[in-house]
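Residue numbers (the numbering used here), protein chains in the order written: chain L, 1 to 253; chain V, 254 to 645.
Just so you know, even glycine gets a beta-carbon here, dropped at the ideal spot from N, CA and C.
Below is one structure, written out as structure tokens, with a few remarks after it.
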């Protein structure tokens, strides 16, 4: 195992997003805080909530999940795609680093960024309002597992993409709508049928509710089901990435 | 001066590329090597010049300081010749859809050798290098580097290789020093600032050490890519047109450095469009044309086989008609009435004495003799022309 190679790639990836910290960490945190201000402080009081949970307490876990999903996906996808565009991917492809180590380094760096953004939102929300944290281990498990899954997804999409547009399609037409319709801003219990049933086919619903259960102890769905879905997805996505790195003609024609 | 080739005479001697099944492979020391079995026993013995670290049995690493080869015999052994080839290709073929980019390439390259890979644009040079370096997948055939099989031991193969790709690339997030530290790390080497500084000095990049790679000129980017390929001291280096876009002065310095690398026992595969570069640096030359390795040999072998020496005798009066004694020796009338042209194969018996004797016999007095010998470029054009079935 080329540990030095793995460490170097991990450090390089962390350094890469740190060099544009304003764009990769501060900007998404500010965007998330805008959601918090608009939905949490202005219209939140008018939204009826069950089980005695305030809307802001309900909203924060959803926003944390949103920021983790976006940043984990963006970090791996943009980094690998830029390497492909610039041709520097060749430096990695000729290096004696195993495909597993390459995936692990990219994913860990993405996790660092995603968790940094998520933690920033939590800290700011805690300072402003003071939020609950009932099951910290559950929060951590969901944050890490979801970050890993979307980092893996971003990596695979970047390997397969030939244009930036293809990355954006994934983000604009799949991830953002699924996140927004995944119970970030509302409980699916307020939805009429058939939308409530349809929502249950959205995997992000289980991730958001799992994290919400960790923070405030309420969930629209069985709270550990999401963890099972995410961990299963991680295994599949890891295998897919291994296959792509070994076989994809997009990297090695 | 008039210089015409007799292209068609040599058509029959040009190799038709690879040998199916790779029973024999050409290399420098033995001319032809019998194919060895690939049981893996030899591979497991490790590679010469292996380096320590977390990579395990991998390549790279300069020879220990203070332990240079001290006798010509040591030097000979150091440069290989008797040992297994550093690079061994057997029936390497690559198809891009319907296009056959490489057709059963067989080749063996010895340790310390500089192998010049020449060919017109699109001949398959970069594809071949990319297959060995792991950037392109081969359709069939086998590749061995330092005894490691690319199929079964890709990481060990990669650890033995330094690649300077043809296409310029740069990472806009990092400066020159950071890029080199990363390159070193990728190959399992802990950052060695002294080694990086040494390379920066050789490649005249010290002043750009902390400059973002985006801000480098084309020539500087090329030099940085050379530094990246060499920073982990690989025993096998591929230089895919390394001096393209580099100024004359630096080209000289690079050539000098390539000579130093060879002195350390580094094996180099060089592709270039500068014939002067190949002529000056390469121990052996391979000519690739339309995916086939049509000819390999040393510069002298190629010149002997395909080169011509042309002598133009300027005589005191026009020998018209040309006397039969001269005609029978192959002398032809020149462009000007007072000139006679005589051609002979380079490296073979010249027959010049016989021509001079025949001139004297005809009472012709020689005022001047002009000569011209074939250069590598002429040989290259001749071989490519013959392969294309045309007169170059």
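Contact note: residue 393(V) does not reach chain L at a C-beta cutoff of 7 Å; the least C-beta distance is about 15 Å. At a cut-off of 8 Å, the C-beta of residue 120(L) has no neighbouring C-beta in chain V. For residue 352(V), the closest C-alpha among the options 364(V), 443(V), 372(V) and 376(V) is that of 376(V). A check of alpha carbon separations from residue 569(V) across 607(V), 615(V) and 541(V) identifies 615(V) as the nearest. Judged by beta-carbon spacing, residue 483(V) lies beyond the 8 Å limit of residue 466(V), meaning their Cβ atoms are not closer than that value.
Going by C-alpha positions, residue 423(V) is about 11 Å away from residue 82(L). According to DSSP, residue 469(V) shares a beta bridge with no other residue. In the same chain as residue 149(L), and ignoring 5 residues on each side of it, the C-beta atoms closer than 7 Å to its own belong to 230, 233, 234 and 237, in chain order. Cβ-Cβ separation between residue 183(L) and residue 155(L): approximately 26 Å, too far for a contact (criterion under 8 Å).
Around the Cβ of residue 90(L), a 10 Å sphere holds 16 or more other Cβ atoms; the residue is buried. Spanning the alpha carbons of residue 468(V) and residue 565(V) requires a straight line of approximately 54 Å. For residue 554(V), the enclosing alpha helix (DSSP H) has its first and last residue at 552 to 559. In the structure shown, the three-state DSSP call for residue 542(V) is strand.
The beta carbon of residue 477(V) does not come within 8 Å of any beta carbon belonging to chain L, so the residue lies off that interface. Relative to residue 583(V), the option among 591(V), 604(V) and 589(V) whose CA is nearest is 604(V). Identification of residues in the segment 65 to 77 of chain L having a C-beta nearer than 8 Å to some C-beta of chain V yields an empty set. Residue 498(V) holds the alpha-carbon nearest to the alpha-carbon of residue 473(V) among 494(V), 493(V) and 498(V).
Residue environment: residue 471(V) is assigned as exposed (fewer than 16 neighbouring CB atoms within 10 Å of its CB, all protein chains considered).
Taking the Cα of residue 486(V) as reference, the smallest distance to any Cα among 464(V), 513(V), 475(V) and 500(V) is reached at 513(V). None of the residues of the segment 187 to 206 of chain L has a beta carbon lying less than 8 Å from any beta carbon of chain V.
Relative to residue 629(V), the option among 461(V), 538(V), 444(V) and 338(V) whose CA is nearest is 538(V). A Cβ-Cβ distance of about 14 Å is found for the pair residue 178(L) and residue 209(L), leaving them out of contact under the 8 Å criterion.
Using a Cβ-Cβ cut-off of 7 Å, residue 422(V) is close to 86, 87, 88 and 90 of chain L, given in chain order. Considered as a whole, the segment 135 to 181 of chain L harbours 136 to 160, 164 to 170 and 176 to 180 as its complete alpha helix (DSSP H) runs of no fewer than 4 residues, in chain order. Leaving aside the five residues that flank residue 12(L) on each side, none in its chain has a CB nearer than 7 Å to its CB.
Here the segment 4 to 22 of chain L lies against the segment 88 to 108 of chain L, with 3 or more beta-carbon pairs under 8 Å apart.
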